[in-house]
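Colleague: The structure is given below, and queries will be raised subsequently.
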Amino acid sequence: MRLVFVGPPGAGKGTQAKVICEKYGIPQISTGDMLRAAKAAGTLPKELQDLMAAGGLVPDSAVIDLIKARTDQDDAKKGFLLDGFPRTVPQAEALNALLASRGQKLDTVLALMVDKNLLIERACLRRTDKRTGQIYHLKYNPPPPDADLEHRADDQEDVVRNRIETYEKMTADLLPFYEKAGLLQKLDGVGAVEEVTKRVLGALEVVKKEA
Numbered sequence: 021m022r023l024v025f026v027g028p029p030g031a032g033k034g035t036q037a038k039v040i041c042e043k044y045g046i047p048q049i050s051t052g053d054m055l056r057a058a059k060a061a062g063t064l065p066k067e068l069q070d071l072m073a074a075g076g077l078v079p080d081s082a083v084i085d086l087i088k089a090r091t092d093q094d095d096a097k098k099g100f101l102l103d104g105f106p107r108t109v110p111q112a113e114a115l116n117a118l119l120a121s122r123g124q125k126l127d128t129v130l131a132l133m134v135d136k137n138l139l140i141e142r143a144c145l146r147r148t149d150k151r152t153g154q155i156y157h158l159k160y161n162p163p164p165p166d167a168d169l170e171h172r173a174d175d176q177e178d179v180v181r182n183r184i185e186t187y188e189k190m191t192a193d194l195l196p197f198y199e200k201a202g203l204l205q206k207l208d209g210v211g212a213v214e215e216v217t218k219r220v221l222g223a224l225e226v227v228k229k230e231a
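In my numbering, each number is its position in the sequence shown, counted from 1, plus 20.
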């Protein structure tokens with residue numbers, strides 16, 4: 021199972037990605053995590069480190085090289101879940117070319133769909149217990165009275181809106197690209213975690229049967 025998983029910030033993509041990877045025995049490959057790990061290990065070229073430090077975007081060629089090396093590893097032989105890549109049509113085309121060079125292709129692209137206002141509510145009412153790291157939601161999962169709560173900077177409304185708008189711009193061309201290729205599955209990301217999981221795994225089972 022080779023798939024791309026996309027969804028706006030706060031859609032619960034991380035939770036669902038973990039379930040998918042455990043069920044199918046495939047690794048979750050996050051380009052952001054890989055870049056941070058390479059930086060920490062000192063294996064990231066200095067020009068890319070400087071670029072990241074300045075908030076710039078890492079060139080597609082460098083990201084594709086990382087993806088190529090990671091998907092060559094043994095644990096990715098029977099498949100993988102790509103998280104955070106591709107973000108643009110040129111990246112998607114580069115990924116297609118990489119897979120084609122190995123006689124492989126993507127099985128599907130899952131997109132979690134959640135209304136923008138709900139995403140903002142989810143994030144803005146989220147609180148973290150400073151002592152335990154436990155995450156609560158003032159409306160859906162209220163904290164106990166003795167919790168020492170903090171409102172993280174990246175859960176402030178203006179930050180959340182900005183992240184969602186960035187995602188919308190990013191996927192404006194990407195989702196139609198995959199839809200045209202017959203790979204895109206848009207899934208309702210609203211509801212209990214278990215309900216969304218059922219939709220996600222149901223969509224993947226259909227793909228598996230058709231493979």
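Note that CB positions come from ideal geometry on N, CA and C, so glycine has one too.
Short of 7 angstroms in beta carbon distance, which residues of its chain neighbour residue 219, apart from the five on each side in sequence? Order them along the chain.
Modeller: The residue labelled residue 219 in the question sits at position 199 within the sequence shown. These residues qualify, in order along the chain: 207 and 208.
Colleague: Once DSSP output is grouped into helix, strand and coil, what is the label at residue 48?
Modeller: Reading the sequence shown from its first residue, position 28 is the one you call residue 48. It is a strand residue.
Colleague: Residues in the same chain with beta-carbon distance under 6 angstroms from residue 153, minus the five sequence neighbours each way, listed in chain order, please.
Modeller: Along the sequence shown, read from residue 1 onward, the residue named residue 153 stands at position 133. For residue 153, where only same-chain residues beyond five positions count, there are no Cβ hits under 6 angstroms.
Colleague: Nearest to residue 230 by CA position, among 64, 143, 123 and 128, is which residue?
Modeller: Taking the sequence shown and counting its residues from 1, the one referred to as residue 230 is at position 210. Closest option to residue 230, Cα to Cα, is 128.
Colleague: When the Cα atoms are used, what is the spatial distance from residue 187 to residue 28?
Modeller: The sequence position of residue 187 within the sequence shown is 167, counting from 1. The sequence position of residue 28 within the sequence shown is 8, counting from 1. Distance between the alpha carbons of residue 187 and residue 28: 6 angstroms.
Colleague: I think residue 195 touches residue 114, with their Cβ atoms under 8 angstroms apart; what is that distance to the nearest whole Å?
Modeller: Here residue 195 is taken as the residue at index 175 of the sequence shown, counted from 1. Here residue 114 is taken as the residue at index 94 of the sequence shown, counted from 1. The Cβ separation is near 17 angstroms, so there is no contact.
Colleague: What is the rounded straight-line gap between the Cα of residue 180 and the Cα of residue 74?
Modeller: Numbered from 1 along the sequence shown, position 160 holds the residue referred to as residue 180. Numbered from 1 along the sequence shown, position 54 holds the residue referred to as residue 74. The straight-line gap from Cα to Cα measures roughly 21 angstroms.
Colleague: What first and last residue would you give for the beta strand (DSSP E) that runs through residue 146?
Modeller: On the sequence shown, residue 146 is found 126 positions in, with the first residue counted as 1. 146 to 149 is the extent of the beta strand (DSSP E) around residue 146.
Colleague: What's the C-alpha gap between residue 117 and residue 151?
Modeller: Counted from its first residue, the sequence shown places residue 117 at position 97. Counted from its first residue, the sequence shown places residue 151 at position 131. Near 47 angstroms, if we compare the C-alpha coordinates of residue 151 and residue 117.
Colleague: Taking the straight line between their C-alpha atoms, what separation do you get for residue 136 and residue 184?
Modeller: Taking the first residue of the sequence shown as position 1, residue 136 is located at position 116. Taking the first residue of the sequence shown as position 1, residue 184 is located at position 164. Taking the straight line from one Cα to the other gives about 7 angstroms.
Colleague: Among 35, 37 and 82, which residue has its Cα nearest to the Cα of residue 55?
Modeller: The sequence position of residue 55 within the sequence shown is 35, counting from 1. Closest by alpha carbon: 82.
Colleague: By a C-beta neighbour count over all protein chains shown, 10 Å radius and 16 as the cutoff for buried, is residue 94 buried or exposed?
Modeller: Within the sequence shown, the letter at position 74 stands for residue 94. Result: exposed.
Colleague: What's the call for residue 189, buried or exposed, on a 16-neighbour Cβ count within 10 Å?
Modeller: As a working mapping, residue 189 is identified with position 169 in the sequence shown. When all chains shown are included, residue 189 counts as exposed.
Colleague: Rounded to the nearest angstrom, how far is the Cβ of residue 163 from that of residue 156, given a contact under 8 angstroms?
Modeller: Along the sequence shown, read from residue 1 onward, the residue named residue 163 stands at position 143. Along the sequence shown, read from residue 1 onward, the residue named residue 156 stands at position 136. Correct: roughly 4 angstroms between the Cβ atoms.
Colleague: Is it true that the CB of residue 119 sits closer than 8 angstroms to the CB of residue 49?
Modeller: Along the sequence shown, read from residue 1 onward, the residue named residue 49 stands at position 29. Along the sequence shown, read from residue 1 onward, the residue named residue 119 stands at position 99. Contact flag unset, no.
Colleague: Could you tell me if residue 176 is buried or exposed, where buried requires 16 or more neighbouring beta carbons within 10 angstroms of its beta carbon?
Modeller: Indexing the sequence shown from 1 puts residue 176 at position 156. Exposed: under 16 other Cβ atoms inside 10 Å.
Colleague: Apart from the five residues just before and just after residue 64, which ones in its own chain have a Cβ nearer than 6 angstroms to its Cβ?
Modeller: For the purposes of this step, residue 64 is taken as residue 44 along the sequence shown, with counting starting at 1. Once the five neighbours on either side are set aside, the close Cβ partners of residue 64 are 58.
Colleague: Thinking C-alpha only, which one of 140, 191 and 202 is nearest residue 174?
Modeller: Within the sequence shown, the letter at position 154 stands for residue 174. It is 140 whose Cα lies nearest to the Cα of residue 174.
Colleague: Looking at the secondary structure, which residues open and close the alpha helix (DSSP H) in which residue 69 lies?
Modeller: In the sequence shown, counting from the first residue as 1, residue 69 sits at position 49. Note, residue 69: alpha helix (DSSP H), 66 to 73.
Colleague: Just to confirm before moving on: does the CB-CB distance between residue 44 and residue 99 stay below 8 angstroms?
Modeller: For the purposes of this step, residue 44 is identified with residue 24 of the sequence shown, where counting begins at 1. For the purposes of this step, residue 99 is identified with residue 79 of the sequence shown, where counting begins at 1. Their beta carbons are under 8 angstroms apart, which means residue 44 touches residue 99 by this criterion.
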